[in-house]
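Colleague: First the structure, then my questions, so here it is.
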Amino acid sequence: MIGTSGALVAGVEIALFADQRVAPWWLLASFPAGGLVHLTAGLVAWRRRPSNRTGPIMVIGGLSWFAAALANTTAPALVAVGVVLATTPLAVAVWLLHAFPSGRLRSRTSRLTVVGAFVVSLVLEVPRYLFDPGASPDRVLAVSQRADLLQAGTWLQRGAGMLVMLVTAGVLVDRLCTAEPGHRGVLLPLYGYGTLAVLATPLGPLLGPPARLSVAQVVGLQIVLLAGVPVAFAAAMLRGGFARTAEVQELSAWLASSAATPALLADALGRTLGDASLQVVYASADGRALVDGDGATVDTSALGERRGLVDIELGSRRIGAIVYDATVVDDAESVRRVGQVAALAIDHDRLTAELRASHADLQRSRARLVEAGDRARQRIAQDLHDGLQVELVLLALEAQQLARVEAAADLPDAATHLRLGIDGAARDLRGIVHALMPAALVERGLTAAIEDLADRMPLPTRLAMGEVGGRLPATVERTAYFVVAEALTNAVKHAAAQTLTVTLEHEPRRLVIGVTDDGVGGATQQAGAGLHGLADRVDALGGRFILHSPAGGGTQLRVELPCGS
Numbered sequence: 001m002i003g004t005s006g007a008l009v010a011g012v013e014i015a016l017f018a019d020q021r022v023a024p025w026w027l028l029a030s031f032p033a034g035g036l037v038h039l040t041a042g043l044v045a046w047r048r049r050p051s052n053r054t055g056p057i058m059v060i061g062g063l064s065w066f067a068a069a070l071a072n073t074t075a076p077a078l079v080a081v082g083v084v085l086a087t088t089p090l091a092v093a094v095w096l097l098h099a100f101p102s103g104r105l106r107s108r109t110s111r112l113t114v115v116g117a118f119v120v121s122l123v124l125e126v127p128r129y130l131f132d133p134g135a136s137p138d139r140v141l142a143v144s145q146r147a148d149l150l151q152a153g154t155w156l157q158r159g160a161g162m163l164v165m166l167v168t169a170g171v172l173v174d175r176l177c178t179a180e181p182g183h184r185g186v187l188l189p190l191y192g193y194g195t196l197a198v199l200a201t202p203l204g205p206l207l208g209p210p211a212r213l214s215v216a217q218v219v220g221l222q223i224v225l226l227a228g229v230p231v232a233f234a235a236a237m238l239r240g241g242f243a244r245t246a247e248v249q250e251l252s253a254w255l256a257s258s259a260a261t262p263a264l265l266a267d268a269l270g271r272t273l274g275d276a277s278l279q280v281v282y283a284s285a286d287g288r289a290l291v292d293g294d295g296a297t298v299d300t301s302a303l304g305e306r307r308g309l310v311d312i313e314l315g316s317r318r319i320g321a322i323v324y325d326a327t328v329v330d331d332a333e334s335v336r337r338v339g340q341v342a343a344l345a346i347d348h349d350r351l352t353a354e355l356r357a358s359h360a361d362l363q364r365s366r367a368r369l370v371e372a373g374d375r376a377r378q379r380i381a382q383d384l385h386d387g388l389q390v391e392l393v394l395l396a397l398e399a400q401q402l403a404r405v406e407a408a409a410d411l412p413d414a415a416t417h418l419r420l421g422i423d424g425a426a427r428d429l430r431g432i433v434h435a436l437m438p439a440a441l442v443e444r445g446l447t448a449a450i451e452d453l454a455d456r457m458p459l460p461t462r463l464a465m466g467e468v469g470g471r472l473p474a475t476v477e478r479t480a481y482f483v484v485a486e487a488l489t490n491a492v493k494h495a496a497a498q499t500l501t502v503t504l505e506h507e508p509r510r511l512v513i514g515v516t517d518d519g520v521g522g523a524t525q526q527a528g529a530g531l532h533g534l535a536d537r538v539d540a541l542g543g544r545f546i547l548h549s550p551a552g553g554g555t556q557l558r559v560e561l562p563c564g565s
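For the sequence shown, position 428 matches number 428 in the UniProt record's numbering, and the numbering has no gaps at all.
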């Protein structure tokens with residue numbers, strides 16, 4: 001749409017110049033032609049690099065050329081617009097020099113210099129068309145003929161213009177000195193050509209006579225030089241050796257202005273490196289593994305030869321990695337450079353992935369706790385149904401039989417038998433209650449309950465328990481007791497241990513429980529095992545569950561429970 005409109009404007013302007021005799025027709029037509037070159041180069045660059053502002057700057061340059069060409073028409077209003085904007089193409093060229101290759105002004109000096117260039121082109125141009133009747137056709141904007149004011153304004157404009165170009169040259173030299181060696185070969189001729197094209201306008205009238213060039217030839221040469229600027233810059237931006245640098249700068253600008261979700265971040269990195277298959281993975285909480293955006297572990301050993309992996313660090317800490325197609329991107333260093341630009345966003349997404357993984361683990365842990373509770377209730381119900389209930393039914397029948405006994409001699413034996421049955425039922429009931437909550441734990445506290453548990457162990461069990469200092473929260477005492485009970489039971493049943501050791505230490509704000517055996521080791525927290533359920537219970541209280549059980553090296557279990565005192 002913009003390109004079609006630009007071509008239409010250029011055609012209309014060229015048609016309006018057909019009857020002009022103030023200059024050769026080809027020279028007048030070169031102004032809209034130069035605008036069309038700017039517009040075309042800008043649109044191509046804009047389409048190829050949508051987030052790069054170099055293309056839009058060139059488009060603005062093309063519009064400024066069309067506006068300046070209006071000074072050669074015959075309509076007074078259009079002539080006035082053209083005269084006022086006659087030198088704005090030079091200011092846009094200075095803007096392009098400072099903004100290349102990302103299209104953004106990267107320093108305060110560049111911003112002030114570009115503003116200065118537009119001041120020279122728009123403000124300091126005013127004395128020329130106000131006080132020189134020959135500066136505009138038919139004296140459209142002239143108010144008087146004042147040679148003194150015209151001369152003062154001309155010298156001021158030239159001085160300010162030279163200052164702008166000197167500062168511009170200094171900025172460009174500094175960029176050349178700090179550029180990568182591979183880029184200097186492109187930047188040096190590019191900056192040199194752009195600077196020469198801008199300087200050709202004020203210096204052309206001075207250099208034309210010695211070179212025996214007519215005014216028309218000098219102006220034509222100036223137009224050709226300026227029209228070539230966008231072509232050279234667009235070619236360098238799209239095909240030059242530092243095209244990747246421009247893309248990295250675009251990525252930096254995008255990260256600064258956008259909310260980078262994991263999917264959007266991967267897409268942006270893929271566009272920057274030209275690899276649509278690029279994947280961002282994140283370091284796990286312990287730094288030993290890599291996970292995807294959902295917190296699932298990524299198997300890097302199965303990537304294959306065509307896939308490359310580059311670690312991304314923030315400071316000295318590994319935060320993730322970029323997995324890419326090594327047949328598309330053959331320079332791992334460019335991947336690393338892009339990763340460093342996006343390191344903060346990657347770290348943010350890493351934390352998000354950790355939270356997702358933690359949330360998923362918490363949900364699974366809660367589900368396992370609910371399932372464990374349901375299984376415990378089912379077991380109790382089964383024990384009550386199959387054991388105690390049957391005994392109570394039998395006792396009721398015995399009581400009925402006792403009521404029917406007629407011989408006094410049989411009563412003592414029947415009563416004794418009934419009492420023994422009641423004692424057995426009570427014993428079974430105490431066993432069920434003890435499985436739910438040991439009486440020693442409820443009545444005398446954690447230390448006494450663990451001592452009672454150790455006394456009932458069939459293996460020598462050494463206790464090393466510090467001063468607990470009063471009763472702890474009930475949830476902490478119950479969890480600590482069941483940790484010790486499960487660990488000792490596992491050691492007796494599965495570890496083939498000879499001795500057991502239980503330690504209990506009440507530290508500030510936490511209770512530390514340790515259970516060690518000298519058995520065969522190999523204990524795990526696999527799903528469905530008792531230790532797995534205990535780990536869930538400890539995690540639900542905000543504690544730590546640490547199991548070390550190498551094969552043949554015994555088992556060491558350490559549990560830390562927060563207790564608030």
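C-beta atoms are modelled at their ideal positions from N, C-alpha and C, and glycine is treated no differently.
Excluding five sequence neighbours on each side, which residues of the same chain lie with their C-beta closer than 7 Å to the C-beta of Trp46?
Modeller: These residues qualify, in order along the chain: Gly55, Pro56, Val59.
Colleague: Using the Cβ count rule (16 or more neighbours within 10 Å means buried), how would you classify Phe242?
Modeller: Low per-residue confidence applies at Phe242: pLDDT is 45, beneath 50, and the placement is therefore not dependable, though the value from the model is reported in the following sentence. Classification for Phe242: buried.
Colleague: What's the gap between the Cα of Ala256 and the Cα of Leu163?
Modeller: Low confidence applies to Ala256: its pLDDT is 49, below 50, so where it sits in the model is not reliable enough to give any reading.
Colleague: Are there three or more Cβ pairs, one per stretch, closer than 8 Å when the region 66 to 83 is compared with the region 98 to 106?
Modeller: Contact fails: fewer than three Cβ-Cβ distances are below 8 Å.
Colleague: Would you mind working out which of Val173, Arg288, Leu63, Leu172 sits nearest Val37, comparing C-alpha positions?
Modeller: Of the candidates Val173, Arg288, Leu63, Leu172, the one whose C-alpha sits nearest the C-alpha of Val37 is Leu63.
Colleague: Nearest to Ala449 by CA position, among Arg471, Tyr481, Arg48, is which residue?
Modeller: Of the candidates Arg471, Tyr481, Arg48, the one whose C-alpha sits nearest the C-alpha of Ala449 is Tyr481.
Colleague: What span of residues does the alpha helix (DSSP H) with Arg175 cover, start to end?
Modeller: First-last of the alpha helix (DSSP H) with Arg175: 147 to 178.
Colleague: Buried or exposed, going by whether 16 or more other CB atoms sit within 10 Å of the CB of Gln222?
Modeller: Its Cβ being crowded by 16 or more others within 10 Å, Gln222 is buried.
Colleague: With which residues is Asp517 paired in a DSSP beta bridge?
Modeller: Asp517 pairs with Leu500, Thr555.
Colleague: I need the boundaries of the alpha helix (DSSP H) containing Leu488, first residue and last residue.
Modeller: Note, Leu488: alpha helix (DSSP H), 474 to 494.
Colleague: Opposite Ile312 in the DSSP bridges: which residues?
Modeller: Looking at the DSSP assignment, Ile312 forms a beta bridge with Gly320.
Colleague: Can you look up Phe100 in the DSSP assignment and give me helix, strand or coil?
Modeller: The answer is coil: DSSP assigns Phe100 none of H, G, I, E or B.
Colleague: Check this for me: beta carbons of Asp325 and Arg318, under 7 Å apart or not?
Modeller: Result no, Cβ atoms of Asp325 and Arg318 do not sit closer than 7 Å.
Colleague: Whose C-alpha, out of Gly194, Pro508, Val484, Gly339, is nearest the C-alpha of Val559?
Modeller: Ranking the options by Cα distance to Val559, first place goes to Val484.
Colleague: Please look up how many angstroms separate the CB atoms of Arg509 and Leu561, rounded, as I've assumed it's under 8 Å.
Modeller: That belief does not hold up - the Cβ atoms of Arg509 and Leu561 are roughly 10 Å apart, past 8 Å.
Colleague: If I measure Cβ to Cβ from Val231 and keep anything under 8 Å in the same chain, skipping five residues before and after, which residues do I get?
Modeller: Within the same chain, Val231 has close Cβ partners Val37, Ala41.
Colleague: Given that a residue counts as buried once 16 or more other Cβ atoms are within 10 Å of its Cβ, and exposed if not, what is Pro127?
Modeller: Result: buried.
Colleague: Take Asp517 and list the residues in its own chain whose beta-carbon comes closer than 6 Å to its own, dropping the five residues that flank it on each side.
Modeller: Here the set comprises Ala491, Ala495, Ala497, Leu500, Gly554, Thr555.
Colleague: What residues are listed by DSSP as bridge partners for Met465?
Modeller: Paired residues: Leu504.
Colleague: Could you please give me the residues that DSSP links to Asp325 through a beta bridge?
Modeller: For Asp325, which the question treats as bridged, DSSP gives the partners Arg307.
Colleague: Taking only three categories from DSSP, how would you classify Thr447?
Modeller: In this structure, Thr447 counts as helix in the three-state DSSP scheme.
Colleague: Give the secondary structure of Leu547 by DSSP, where H, G and I count as helix, E and B as strand, and everything else as coil.
Modeller: In this structure, Leu547 counts as strand in the three-state DSSP scheme.
Colleague: Are the CB atoms of Ala487 and Gly521 nearer to each other than 7 Å?
Modeller: Cβ atoms of Ala487 and Gly521: not closer than 7 Å.
Colleague: Taking all protein chains shown into account, do 16 or more other C-beta atoms lie within 10 angstroms of the C-beta of Ser214, making it buried, or fewer, making it exposed?
Modeller: Answer is exposed; the Cβ neighbour count stays below 16.
Colleague: My assumption, with CB atoms under 8 Å, is that Val219 sits in contact with Asp275. Please give the rounded CB distance.
Modeller: Not quite, the Cβ-Cβ distance comes to about 48 Å (not below 8 Å), so this is no contact.
Colleague: Whole angstroms are fine: how far does the CA of Ala474 sit from the CA of Ile513?
Modeller: Taking the straight line joining both Cα atoms gives about 16 Å.
Colleague: Excluding the 5 residues preceding and the 5 following Ala440 in the sequence, name in chain order all residues of the same chain whose CB lies nearer than 7 Å to its CB.
Modeller: Counting only Cβ-Cβ distances below 7 Å, and skipping sequence neighbours, we find Ala448, Ala449, Asp452.
Colleague: Look at the Cβ atom of Asn52, then the Cβ atom of Gly103, and state whether they are nearer than 7 Å.
Modeller: A contact, by the Cβ cut-off of 7 Å.
Colleague: Whose C-alpha, out of Thr113, Arg158, Arg139, Ser549, is nearest the C-alpha of Leu124?
Modeller: Considering only alpha carbons, the answer is Arg158.
Colleague: Tell me the DSSP secondary structure of Thr74 in three-state form.
Modeller: Of the three classes helix, strand and coil, the one that applies to Thr74 here is coil, per DSSP.
Colleague: Thinking C-alpha only, which one of Val335, Pro460, Thr109 is nearest Gly519?
Modeller: That would be Pro460, whose Cα lies nearest to the Cα of Gly519.
Colleague: Could you pull the DSSP bridge partners for Glu560 from this structure?
Modeller: The partner list for Glu560 (beta bridge, DSSP) reads Val512, Arg544.
Colleague: Just to confirm before moving on: does the CB-CB distance between Gly290 and Ala266 stay below 7 Å?
Modeller: Looking at the sequence itself, residue 290 is Leu, so the reference to Gly does not match. It is not a contact, given that the beta carbons lie outside the stated cut-off.
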